[in-house]
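Trainee:
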Amino acid sequence: MAEGDRALAVFIDFENLALGFQGRRDRFEIDRVLERLVEKGKIVAKRAYADWSRFGLYTAPLHEAAIELVEIPKRAQTGKNSADIHLVVDAMDLAHSKDHIDTFVIVSGDSDFSPLVSKLKENGKHVIGLGMQDSTSELLRDNCDEFIYYEDLMKSPTLAPVINSQLPETKRKAFSLLLESMLALRRENKEVLWSSMIKDTMKRKKPSFNETYHGYRTFSELLEDAQKEGLLELDTDKRSGTYVVTRFASEPEGRRVPAERRPPARRRRTSGRPRVAPLAGRSIAHGTVATPAVPERAPEANQQEGPTDTNESESKA
0 MAEGDRALAV FIDFENLALG FQGRRDRFEI DRVLERLVEK GKIVAKRAYA DWSRFGLYTA
60 PLHEAAIELV EIPKRAQTGK NSADIHLVVD AMDLAHSKDH IDTFVIVSGD SDFSPLVSKL
120 KENGKHVIGL GMQDSTSELL RDNCDEFIYY EDLMKSPTLA PVINSQLPET KRKAFSLLLE
180 SMLALRRENK EVLWSSMIKD TMKRKKPSFN ETYHGYRTFS ELLEDAQKEG LLELDTDKRS
240 GTYVVTRFAS EPEGRRVPAE RRPPARRRRT SGRPRVAPLA GRSIAHGTVA TPAVPERAPE
300 ANQQEGPTDT NESESKA
């Protein structure tokens with residue numbers, strides 16, 4: 000996982016969502032939720048809680064989305080807050096046992112989860128809430144670091160890019176994913192769009208993405224072709240030499256970020272141990288690196304270099 004990316008754990012109180020969908024013609028679409036959340040970071044855990052005998056229509060799409068379905072018996076047998084308790088226990092368990100998970104997503108509008116949100120924040124976790132507008136408690140909404148209304152996921156993007164319909168299908172798909180990913184980064188308030196940042200987002204939105212499948216040797220070639228089609232504008236960062244997208248689609252000219260205001264390109268984590276120069280006397284966790292031994296010169300060499308008698312050396316001086 001690239002440095003700076005978030006690791007997300009998603010917990011879905013499905014029975015609460017079902018209450019929000021009562022009386023509506025549309026159905027809950029988990030794909031829209033996950034598409035929005037992958038823009039935040041990498042999803043590493045996904046669980047949904049409900050009495051699934053009551054929501055059989057949703058089990059197939061949830062299973063296809065690789066969400067773990069936690070079975071909760073009927074309320075008459077276990078009490079009102081059974082699903083809530085299971086969700087809270089699992090969330091706190093991950094918060095204490097998995098240090099790499101730094102972001103928790105609570106998909107619910109129930110105010111009962113407000114203490115959980117507070118405790119997660121107390122433990123240094125970033126908390127995102129997601130729920131229906133009509134069934135979300137203001138207490139829960141205002142306690143989260145961020146809150147996303149499900150209805151907002153159904154809205155079309157404000158910057159509607161136009162892709163030439165005469166292009167081959169493989170290129171159109173690549174450009175469509177490229178523009179969707181840049182829109183996602185703008186939603187996350189990213190001013191400078193580094194090429195590596197864009198590609199990471201594309202891979203999260205579609206893990207099978209590979210520029211070679213779409214006819215490009217490198218990702219830079221894809222960006223250059225998109226610029227030729229008028230979909231974006233590129234600049235080269237003077238410090239790193241990598242591409243930066245200055246604007247795209249119908250963004251205004253003022254969106255460009257001057258080169259002197261750009262933060263440095265983020266570095267990727269490398270596998271294996273970091274290379275450390277063997278400097279003498281360097282302090283490390285397990286002690287001090289010893290100074291390499293210098294081999295002694297042979298006596299003959301010492302004699303050839305000059306007199307060793309102190310008096311003779313002083314008289315010559």
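In numbering that gives the first Met the number 0, the protein residues as written are 0 to 316. Quick reminder that beta carbons are idealized off the backbone N, C-alpha and C, glycines included. All of these numbers come straight from a predicted model, not from anything done at the bench.
Under a three-way DSSP split, which group does Asp199 fall into?
Mentor: DSSP places Asp199 in helix when its eight states are reduced to three.
Trainee: Might you give, ordered along the chain, the residues of its own chain that have their beta carbon closer than 7 Å to the beta carbon of Arg325, omitting 5 neighbours on each side?
Mentor: With the chain represented from 0 up to 316, any question about residue 325 goes unanswered, as that position is not in the structure.
Trainee: How is Thr135 classed by DSSP in three states: helix, strand or coil?
Mentor: Coil.
Trainee: Excluding the 5 residues preceding and the 5 following Ile11 in the sequence, name in chain order all residues of the same chain whose CB lies nearer than 6 Å to its CB.
Mentor: So the qualifying residues of the chain are Ala47 and Val106.
Trainee: Decide if Asn163 is buried, meaning its Cβ has at least 16 other Cβ atoms within 10 Å, or exposed.
Mentor: Answer is exposed; the Cβ neighbour count stays below 16.
Trainee: Pairs of beta-carbons, one from the segment 78 to 94 and one from the segment 16 to 26, closer than 8 Å: are there three or more?
Mentor: These segments do not touch.
Trainee: Excluding sequence positions up to five away, which residues of its chain have a Cβ less than 6 Å from the Cβ of Glu210?
Mentor: So the list reads Phe218 and Leu221, once near-sequence residues are dropped.
Trainee: What's the call for Ser249, buried or exposed, on a 16-neighbour Cβ count within 10 Å?
Mentor: Exposed, because fewer than 16 other Cβ atoms sit within 10 Å of the Cβ of Ser249.
Trainee: In terms of residues, what are the limits of the alpha helix (DSSP H) holding Ile162?
Mentor: Taken as a continuous stretch (DSSP letters only), Ile162 belongs to no alpha helix (DSSP H), as it is neither H nor E.
Trainee: What residues in its chain sit with their C-beta under 8 Å from that of Arg5, if we drop five residues either side in the sequence?
Mentor: Taken in chain order, the residues that qualify are Lys39, Gly40, Lys41, Asp101, Thr102 and His125.
Trainee: Which of helix, strand or coil does DSSP assign to Phe146?
Mentor: Correct three-state label for Phe146: strand.
Trainee: For Pro72, which of Leu33, Met201, Asp111 and Glu14 has the nearest alpha-carbon?
Mentor: When each option's Cα is compared against that of Pro72, the closest is Glu14.
Trainee: Can you grab the Cα-Cα spacing for the pair Ser270 / Asp25, in whole Å?
Mentor: Bear in mind that a pLDDT of 43 at Ser270, under 50, signals an unreliable position, so the number given afterwards is only what the model happens to contain. Each residue's Cα considered, the two are about 46 Å apart.
Trainee: Alpha carbon to alpha carbon, how far is Met131 from Phe27? Give it in angstroms, no decimals.
Mentor: Cα to Cα, the separation comes out at about 10 Å.
Trainee: Would you list, in sequence order, the uninterrupted beta strand (DSSP E) runs of no fewer than 3 residues that lie entirely inside the segment 53 to 122?
Mentor: DSSP runs (the beta strand (DSSP E)) wholly in the segment 53 to 122: 67 to 70 and 102 to 106.
Trainee: Looking at the structure shown, is Tyr215 part of a helix, part of a strand, or coil, going by DSSP?
Mentor: Reduced to three states, the DSSP call for Tyr215 is coil.
Trainee: Among the residues of its own chain, which have a CB less than 7 Å from the CB of Arg140, if the five just before and after it don't count?
Mentor: Cβ within range, chain order: Gly128 and Phe146.
Trainee: Would you list, in sequence order, the uninterrupted alpha helix (DSSP H) runs of no fewer than 4 residues that lie entirely inside the segment 20 to 54?
Mentor: With a minimum length of 4 residues, the continuous alpha helix (DSSP H) runs that stay inside the segment 20 to 54 are 29 to 36.
Trainee: Could you give the DSSP three-state label for Asp234: helix, strand or coil?
Mentor: The answer is strand: DSSP assigns Asp234 an E or B state.
Trainee: Quick one: what's got a C-beta closer than 6 Å to Ala8's C-beta in the same chain, skipping five residues either side?
Mentor: Ala44, Leu93, Ile100 and Phe103.
Trainee: Is the segment 192 to 201 in contact with the segment 224 to 244, if contact means three or more CB pairs nearer than 8 Å?
Mentor: Taking 8 Å as the limit for Cβ pairs, the verdict is that the segment 224 to 244 does touch the segment 192 to 201.
Trainee: Secondary structure at Ala6, three-state DSSP: helix, strand or coil?
Mentor: Strand at Ala6.
Trainee: Tell whether a beta-carbon distance below 8 Å holds between Leu184 and Thr169.
Mentor: No, the pair does not count as a contact, with Cβ atoms beyond the cut-off.
Trainee: For the alpha helix (DSSP H) holding Leu176, just list the boundary residues, first then last.
Mentor: Leu176 -> alpha helix (DSSP H) spans Glu168 to Arg186.
Trainee: Just to confirm my understanding: we take Trp51, look at its own chain, exclude 5 residues before and 5 after, and list those with CB closer than 7 Å. What are they?
Mentor: Excluding positions up to five away in sequence, the list reads Thr58, Leu68 and Glu70.
Trainee: Quick check: what's the CA-CA separation for Ala225 versus Asp83?
Mentor: Between Ala225 and Asp83, the C-alpha separation is close to 47 Å.
Trainee: Between Leu115 and Ala64, is the Cβ-Cβ spacing less than 8 Å?
Mentor: No, the pair does not count as a contact, with Cβ atoms beyond the cut-off.
Trainee: With a 10 Å radius around its C-beta and 16 neighbouring C-beta atoms as the bar for buried, classify Tyr149 as buried or exposed.
Mentor: Buried, by the Cβ-count rule.
Trainee: According to DSSP, what are the bridge partners of Arg140?
Mentor: For Arg140, which the question treats as bridged, DSSP gives no partner whatsoever.
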